[in-house]
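There are 2 protein chains.
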Amino acid sequence: MFLNINTKKLNPYKVASHKVWNIKNKDTILKLDWNESTIPPSPLVKKAILEYTETGFFNWYPNVDNNVLREKLAGYSGVNVSNIEYFSSSDGLHEYIIRTFLNEDDSILLISPTYDNFRAVAESLGVKTEHFRLNKDEGYSFNIKALMDNISTVKPKALYLCNPNNPTGNSYSKEEIILLSETFSDVLFIVDEAYFEFNGVTVADLVNSFSNILICRTFSKAFGLASMRFGYAISSTENITGLQKVKNPKSVSAIAQISALAALDDLAYVYNYVEEVKKSKVIFISELQKRNIKVLQSTCGNFVFVDFGLNCVDIINDLENNNVFIRYYGHILGAENMVRITVGTIKQMQLFLDILDSILICYND
Amino acid sequence: MFLNINTKKLNPYKVASHKVWNIKNKDTILKLDWNESTIPPSPLVKKAILEYTETGFFNWYPNVDNNVLREKLAGYSGVNVSNIEYFSSSDGLHEYIIRTFLNEDDSILLISPTYDNFRAVAESLGVKTEHFRLNKDEGYSFNIKALMDNISTVKPKALYLCNPNNPTGNSYSKEEIILLSETFSDVLFIVDEAYFEFNGVTVADLVNSFSNILICRTFSKAFGLASMRFGYAISSTENITGLQKVKNPKSVSAIAQISALAALDDLAYVYNYVEEVKKSKVIFISELQKRNIKVLQSTCGNFVFVDFGLNCVDIINDLENNNVFIRYYGHILGAENMVRITVGTIKQMQLFLDILDSILICYND
C-alpha cells in the first residue's frame, strides 16, 4: 500500500544465478557468467588489506574526501582531478547520474540490448526509457545514421551508450562519439566504459571539450575488484561538482578505497591480464567456430556473445552441473538462443572447452 | 547546464572535519565526532576478513542474495526473515526508502534537529521537507500532542523519527510510536534506530501489526563497523519486498557481508561495549557538570549534547590541535553553542577530560 507509483510498475534489474555462493568448494568453479576478472587482483591489494586489518580503524567511517585516490584515478585516466569522482561501483554511479541530471518524465535513449542496470534505475526514478535496437539478424551491427535519426525523433535528455557494449561486444569509435556529442550538444552522453581496458577506446580526453560527455568506469572488470564495489566518473568539472553534491560522502567503504589505491599501484598486473585475455579470446573464438558455434566477431570486451542454438538452456544446465557458469540471454528481446561467456586465461578457456566437449558428445550421440 | 532542478537547489548533506584521515599516527587520535564505536569490532571480524583474504574471491561480485545473513539479522532483531533486508549502510537505505515509497512533491515531516542525511536525500529527489522543531530553550523536550497537531496540519506522506534522536539524545517511547502509527495509519513512520542498542527501545516487534512502520538500523555504531558500510531495514513483508525491487542486489560488498556475519556471532562483545558506554556516560556527564558545562539529561545514545558556551569554537579548535575531535552544531538552527561528544570507554573519556582541563585552564587565566 505504501509503494510509490514508480516502484509499483518497476521491472527490476535482475541478476543471474546465485548458485556459486552456495557451492562449498569454490576452487572447483569456473565462473564465466558475470564478466568478472577470472584471476585475483594484484597481490598489492591483499597486502594493503592485511596491513589495514592490522593497523586500520574498522570502527571509523571511511575517508569522505580521498583526494589522493582522486589524483591517482585522474593520472590513470589522463584527466584533471576536478574531472574525477569515485563511487561505490559504477552501478552506484548510475543511481547518482539519474538523480543529478534527469528529471521525472524526462526521456533517455539506450542502445539495446545493453547492460540493464541503467534502464532499471532510470525507470525506478520515473524517467522514461526508449530503445534504439541492435538486431541479431544484422549481427547487432551499429549504424550511426540510424541512431542520429532516432535521437532527432525521440529527443532524449540523455543517451546511455556502453562502450564496448555488453553483451554484444561491439565498440563505438571515438569519431562516432564526437559526431554525436557535437551534433546533439543538449543531450548528455553517458558512456559506460566498464570494459574499456580490453579495447583501449576511451573518450576521457574529451570531457573538457564536451560538457555533454559523462563516463562511467569500474574496478569490477579488468582490476578484479568486483567484491569491493568501486567505480568512478569522468566528466566536466561542472558535472562532477553536481554529482558530488548528491553523492553520499560516506558511501565508499574504507577497504574499497584502500584496494583501489593498491590496484592502481600495480597497473602492469592489469595490463598483463588484459593481454592474456585478448590472446585467449582469439584462440577461444577459433575453437568455438571449429565446433560450429556461431560467435559475434566484434567482441571488444572480456566476453563473447554466442549463438548456442536450440539446446542452449540444456547446455547451460549441464555446464552448471559441472560447476561451470555462463550467462543465458534468451529471455532478452532480440537475443534468442544467445549466451554470453566471459573470457579468462588461455588455460581456463581450454578447461571450459574440455568440459563443453564432454557435454556436446552426449548431444551428438 | 546539465544539472536537474533538484540538484541545482539542493542543500547537500555536509560531513564534518576530514582531518583525522590526514594525521599520520592515528593511534594518538581521540575521535569523538561521528558517534562511531571508539573500540574495534569483535576479534571475530578480523579473523573472518583474514580468512576471506586468504581463500575468498575478490574478483567475484558479492553474494546478491545472502539469506544466511538475513536469517541472522532476523534472529537478532526478533522478526521473520521476510521482514529484513540488508543495505550498504543505513544512509544507503535512506536513499532506497525515498525511491521506493515517496513520489516527487510528496511531503515528509522530520523531528528536528536530527540526523541530516534523510532530509538531503529527500530534497535531492524532489520530496518536500517540513520540520517539527524541538527547542533548545525547552531542553529539546518532545510533546506528542504538539507533534500530532502538526501531522494533522502538514499531512505528510512519511515522518522521519530518529530514536534515540541524534543529536539531542532524547528517546520516543514505544507507546508514543504506537499512538502515532494507530492515529495516522496512512503516514509511513520511518524509525531510525541507529543507536537503539544503547537504550534498548525498539519497535521491531510491531512491524507485522503496523504496516506503516519501517525501521532503519546500522552496524556503524554499537557494532563498530562504520568503515564497512552495512545497515538493514525491518518492516512488513510487503514493504521489504518493495525495497528489494529497487535495491541494487550487488550493492553490499562481500567484506561488509562477511564482517556483519562475524559481528553477529559475537553479540556478547557488543553488549559489553554498550554496558561500558552506559557506565562511562553517567560518569562523564557528572564530570562535565562539575566543570559547569550544561549537558542535556536525556542522552539515550552513545553521545551527549552539550552547551559549551560562547567559546565553543575556540575550545573545539584547541581540542583538534590535541588530536581530539568533537562535533560542532552551532551552525544548525536552534543549536547555538551546542556540541555533540561521542561517549567511549571510561578510560577514553577520562583522557578527554584531562585534555579539556588543560585547555580550559588557559581560558580561565
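In order, the protein sequence lines correspond to chains A and B.
With full-length UniProt numbering as the guide, the letters of the first sequence map in order to residues 1 to 365.
With full-length UniProt numbering as the guide, the letters of the second sequence map in order to residues 1 to 365.
The beta carbon of each residue, even a glycine, is placed where N, CA and C say it ideally should be.
As the structure is a prediction and not an experimental result, all values here were calculated from the model.
query, result
"Three-state class that DSSP yields for K9(B) in the structure shown", "coil"
"F219(A) versus S171(A) - alpha carbon distance", "20 Å"
"Short CB-CB distance (under 9 Å) between T129(B) and chain A", "no"
"Three-state secondary structure (DSSP) of residue 366(B)", "Any question about residue 366(B) goes unanswered here, given that chain B covers just 1 to 365."
"For Y115(B) and L179(B), the rounded distance between their alpha carbons", "23 Å"
"Cβ shell of L188(A) (< 7 Å), same chain only, five flanking positions each side left out", "F101, K157, A158, N212, L214"
"Below-9 Å beta-carbon distance, E287(A) vs any chain B residue", "no"
"From A335(A), V45(A), S88(A), residue whose alpha carbon lies closest to that of A64(A)", "Reading the sequence as shown, one finds Val at residue 64(A) and not Ala. Answer by Cα proximity: S88(A)."
"Sequence ranges, beta strand (DSSP E) only - wholly within the segment 207-294 of chain B, length at least 3", "213-218, 231-234"
"Interface residues of chain A facing E176(B) [CB-CB closer than 8 Å]", "What E176(B) touches in chain A: nothing, since even the nearest Cβ is about 21 Å away."
"Residue nearest to S235(B) in terms of C-alpha spacing, selected from L360(B), I5(B), S82(B)", "S82(B)"
"Endpoints, the alpha helix (DSSP H) within which T100(A) is located", "90-101"
"When Y160(A), K174(A), I346(A) are compared against E287(A), the one with the closest alpha-carbon", "I346(A)"
"Outcome for G301(B) when other beta-carbon atoms lying within 10 angstroms are tallied against a minimum of 16", "buried"
"Own chain partners of V201(A) with C-beta closer than 6 Å, once the 5 adjacent residues on each side are dropped", "S171"
"Contact residues within the segment 14-27 of chain A, judged by C-beta distance below 8 Å to chain B", "V15, H18, V20, W21, K26"
"Proximal chain A residues relative to A254(B), where beta-carbon distance stays under 8 Å", "S227, M228"
"Contact residues within the segment 88-99 of chain A, judged by C-beta distance below 8 Å to chain B", "S88, S89, D91, G92, E95, R99"
"Contacts around I98(A), its chain only, beta-carbon distance under 7 Å, and the 5 residues preceding and following it disregarded", "V121, A122, L125, V127"
"Terminal residues of the alpha helix (DSSP H) in which V313(B) lies", "312-321"
"Member of R340(B), D354(B), K9(B) whose CA lies at the smallest distance from the CA of F303(B)", "R340(B)"
"I5(A) at chain B interface by Cβ criterion, 9 Å", "yes"
"Cβ neighbour criterion (16 or more within 10 Å) applied to L333(A)", "exposed"
"Exposed unless 16 or more other CB atoms sit within 10 angstroms - verdict on A260(B)", "buried"
"Members of the segment 295-320 of chain B that neighbour chain A once the beta carbon cut-off is set at 7 Å", "none"
"Whether D318(B) touches I293(B) by CB criterion (9 Å)", "no"
"Whether D106(B) touches N103(A) by CB criterion (9 Å)", "no"
"DSSP beta-bridge partners of Y86(B)", "Y232(B)"
"Whole alpha helix (DSSP H) elements within the segment 116-183 of chain A, 4-residue minimum", "117-124, 144-154, 174-183"
"Simplified DSSP state of F58(B), which is helix, strand or coil", "coil"
"Test: G224(B) CB closer than 9 Å to a CB of chain A", "yes"
"Minimum Cβ-Cβ distance from N117(B) to chain A less than 9 Å", "yes"
"Rounded C-alpha distance that separates Y76(B) from R217(B)", "12 Å"
"Interface partners of T218(B) on chain A, CB under 9 Å", "Simply none; closest approach about 11 Å."
"Interface residues of the segment 190-215 of chain B facing chain A [CB-CB below 9 Å]", "S211, N212, L214"
"Neighbour-count burial assignment, R327(A), 16 or more Cβ in a 10 Å radius", "buried"
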